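Working notes, beginning with the structure itself.
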Amino acid sequence: MRQPLIAGNWKMNGSKASIESLLEGIKQGMDSVQQAEVAVCAPFVYLQQVSESLKDTKIAYGAQNVSEQDNGAYTGEVSTTMLNDFACQYVIVGHSERRTLYGETDELVATKSAKAQADGLTPIICIGELLEEREAGNTEAVVARQLDAVINANGVASLENAVIAYEPVWAIGTGKTATPEQAQAVHAFIRGRIAEQDAAIADKVRILYGGSMKPANAEELVAQQDIDGGLIGGASLKAEDFLAICQAAK
């Protein structure tokens, strides 16, 4: 049985005051979360605050990106060593916004994933198609290409200590939504793709849905056989909404 994971991705949002309020709200409501593992992924500059606030709680936390380099002349980058200084457990790699806005390639995502794992972090590896790719009938080809880049570079065994997040980019902040059946179909395809190389790892790996999961649709989405939780954007910025999604993950 895969434990559901609900991971909040705050993106470039928040202030010291708003994060203090948000974390207090989440902590106060955690008694209502019975089954899901809960995590938040914060902007780098707030990791100190997050680590202090979540100390001695069961809420995990991590970062939204990481460098593939150890250290050096990489202005603006943040290394795994730096993330480990704050005891991060997770790091998001290959988020659709990193791919589309900053040109991160499949190969770079694979390298970042390997670097995170080598230094004790669990990568949340994001894959997913654009609207034009879905409309052209290329969803499976795109998802397979992105997934295969990680498997080919790092080995299928690397997925045993990773999380995958399926992000239909066309359903994020656009007003369009994927039905639970559409989401399940892609999740099943991803799991099947992994099972072609290792059925045991395919059965174990958690695959999150990252397409605008909200309190209104969370229960129906996580009820699908191959949806093991969610990577939550906007709804993770409101404690009440985030907790409602966490409660729905059973």
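So the sequence shown is numbered by the working numbering: it starts at -16 and just counts up by one. Don't be surprised by glycine CBs; every beta carbon is placed ideally from N, CA and C. It should be emphasised that the depicted structure is a prediction, and the values quoted were computed from it without experimental measurement.
| task | Using a threshold of 7 Å, state whether the C-beta atoms of GLN11 and ALA43 are closer than that. | result | no
| At which residues does the alpha helix (DSSP H) containing CYS109 begin and terminate? | No alpha helix (DSSP H) holds CYS109; the beta strand (DSSP E) holding it covers 105 to 110.
| query | If we ignore side chains and look at the alpha-carbon of each, how far apart do GLY175 and ILE107 end up? | reply | 19 Å
| query | Hey, is the stretch 127 to 136 in contact with the stretch 154 to 171, meaning 3+ C-beta pairs nearer than 8 Å? | reply | no
| task | Report, in whole angstroms, the separation of the C-beta atoms of GLU203 and PRO163, which I expect to be a contact under 8 Å. | result | 5 Å
| request: Round the Cβ separation of ILE110 and ILE147 to the nearest angstrom and send it over; I've been treating them as touching at under 8 Å. | output: 7 Å
| Distance between LEU37 and ASN67 (C-alpha atoms, nearest Å) | 15 Å
| query | Cα separation between PRO(-13) and PHE225? | reply | 14 Å
| request: Assign GLN47 to one of two classes, buried (16 or more other C-beta atoms within 10 Å of its C-beta) or exposed (fewer than that). | output: buried
| Closest Cα partner of ILE177 within the set GLU223, ASN135 and GLN32 | ASN135
| task | Look up GLY175 in the DSSP assignment and say whether it is helix, strand or coil. | result | helix
| task | Determine the extent of the beta strand (DSSP E) in which ASN(-8) is found, giving its start and end residues. | result | -12 to -8
| field | Other residues of its chain near SER96: CB distance less than 6 Å, five sequence neighbours each side excluded | value | VAL76, PRO106, ILE108 and VAL133
| message | Looking at the secondary structure, which residues open and close the beta strand (DSSP E) in which CYS24 lies? | response | 20 to 25
| field | Best match in GLY213, ALA206, ASN144 and ALA19 for proximity to LYS197 [C-alpha to C-alpha] | value | GLY213
| query | Can you give the Cα-Cα distance for ASP39 and ASP209, rounded to whole angstroms? | reply | 31 Å
| Contact check, SER79 vs GLU150 under 8 Å by CB: the rounded distance? | 5 Å
| task | Give the secondary structure of TYR73 by DSSP, where H, G and I count as helix, E and B as strand, and everything else as coil. | result | strand
| request: Would you kindly check if the distance between the Cβ of ARG(-15) and the Cβ of ASP181 is under 7 Å? | output: no
| task | Kindly give me the distance between the Cβ atoms of VAL33 and VAL23, rounded to whole angstroms, as I take these residues to be in contact under 8 Å. | result | 7 Å
| Considering only the beta carbon of each residue, do ALA201 and ILE228 sit closer than 7 Å? | yes
| query | Can you pull the DSSP bridge partners for LEU91? | reply | Note: LEU91 sits in no beta bridge, so no partner.
| query | Does DSSP put ARG82 in a helix, a strand or coil? | reply | helix
| Own chain partners of ALA185 with C-beta closer than 6 Å, once the 5 adjacent residues on each side are dropped | ARG174, ILE177 and ALA178
| query | How far does the beta strand (DSSP E) with ARG189 in it reach, from first residue to last? | reply | 189 to 192
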